[in-house]
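The block underneath contains the structure these notes are about, expressed in structure tokens.
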Amino acid sequence: MKKKVRTAVFPAAGLGTRFLPATKVIPKEMLALVDKPIIQYGVEEAIESGIEHVIIITGRGKGAMEDHFDHSFELDATLERRGKTELLEVSRHVATMARISYVRQKEPLGLGHAVLCAKELVGDEPFAVILPDDVIDAEVPCLKQMIDVFNEREGSVIATQTVEGPAISAYGVLAGSPDPKNPRIFNCTGMVEKPKLEDAPSKQAIIGRYVLTPRIFELLETTTPGAGGEIQLTDGIKALLKEEKVYGYTFEGKRFDAGDKFGMLQATVEFALKRPEFGEKFREYLKSLPL
Ligand code: G1P
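Next comes the structure, spelled out in structure tokens:
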């Protein structure tokens, strides 16, 4: 019988240097997008996609994430005493929304190594990877769309989007060709991490969502350091490609790079505009600015 995708791995051990000084003490995954830490958007997406177990790969100084997804007795007791029922509900919801396990990545050896840290907890079944920096606004959660493709095609699935020009060098890039039956699917024949523009095999950039078969773990064990001297997930998947089908998937939705200052600003404006409590007020405010 086919195994269900039940687990999502969240690599969250990175230093977040792109967002200094804010990330000197605060984990980048805990930076607020409107009023929620960015990692919570990813965890909510995972749950809405049918994920039952979340594994967060953490590192030194990342304890705030564990506290965030735990009960806060002083806060809850105070809210209860003051009769702040709605806020109490918000606080309790965060603590109970998911079954979460934490694994420490003791050395910053790269994204591939971070995913490998989840091997024992995931076991012998397919799983998802969500990079919390990539916040995706979509009607159908991006991961759900990908799990549907995984179940239908029975091969690993990587989220992609078209990136024009030199910006492609910030991504993993797929080689291959569009599927004749479904233009959203890309039949992958290779991939390269952060190529120079002239070496990029296509405009299909990898975005931080993956559905992978467990074979990737064994392959990551023998993956040697690649781009930036790090063990790259892209290189592990490239090895997987030699044995199994791997598909790129152009998801429906909009992705924001919330680990980047400008990307976070874009996400903040767009998410704030959608909020029923103050979206209209915010729109009026933006319109009033002498732009
Ligand atoms: C990682 C992956 C890269 C992917 C990117 C998407 O890079 O290694 O293949 O395109 O995420 O956000 P990072 O941004 O962590 O350097």
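So the sequence shown is numbered by our numbering: it starts at 797 and just counts up by one. Even for Gly, the Cβ is constructed at its ideal location relative to N, Cα and C. For clarity, every value in this text was computed on a predicted model and none was experimentally measured.
As for any beta strand (DSSP E) of minimum length 3 sitting wholly inside the region 957-1024, the runs are 968-974, 981-989 and 1000-1008, ordered along the chain. By the neighbour-count definition (other C-beta atoms within 10 Å, threshold 16), S1084 is an exposed residue.
In the DSSP assignment, no residue is bridged to L912. A distance of 9 Å or more separates the beta carbons of E1017 and L905.
Relative to the non-hydrogen atoms of ligand 1, the Cβ of D1053 comes within a distance shorter than 8 Å of at least one. At least one heavy atom of ligand 1 lies less than 8 Å from the C-beta of G968. A residue is called buried when at least 16 other Cβ atoms come within 10 angstroms of its Cβ; H889 does not meet this threshold and is exposed. Annotation for A804: the continuous beta strand (DSSP E) segment containing it runs T803 to P807.
Judged by DSSP in its simplified three-state form, R1071 adopts coil rather than helix or strand.
Per DSSP, A1035 is one residue of the alpha helix (DSSP H) stretching across L1029 to L1036. Collapsing the DSSP output to three states places H867 in coil. The Cβ neighbour count for T956, taken over all protein chains shown within 10 Å, is at least 16; the residue is labelled buried. Per DSSP, the continuous beta strand (DSSP E) segment holding D1053 begins and ends at K1050 to D1053. Restricting attention to beta strand (DSSP E) runs no shorter than 3 residues, the region 881-943 encloses them at 895-900, 923-926 and 930-933, ordered along the chain. Apart from sequence neighbours up to five positions away, the residues of its chain that approach K1050 with a beta-carbon distance below 6 Å are D933, ordered along the chain. Listed as beta-bridge partners of T854 by DSSP are R900.
Counting only residues of its own chain and dropping the five nearest sequence neighbours on each side, D866 has a CB closer than 6 Å to the CB of A891. Under DSSP, P833 takes part in a beta bridge, and its partners are A828. Non-local beta-carbon contacts of Y898 in its own chain, meaning distances under 7 Å to residues more than five positions away in sequence, involve I852, T854 and E862 in chain order.
Straight across, the Cα-Cα distance linking I822 with D975 is about 43 Å. Nearest C-alpha to H864 among E1026, R1079 and M893: M893.
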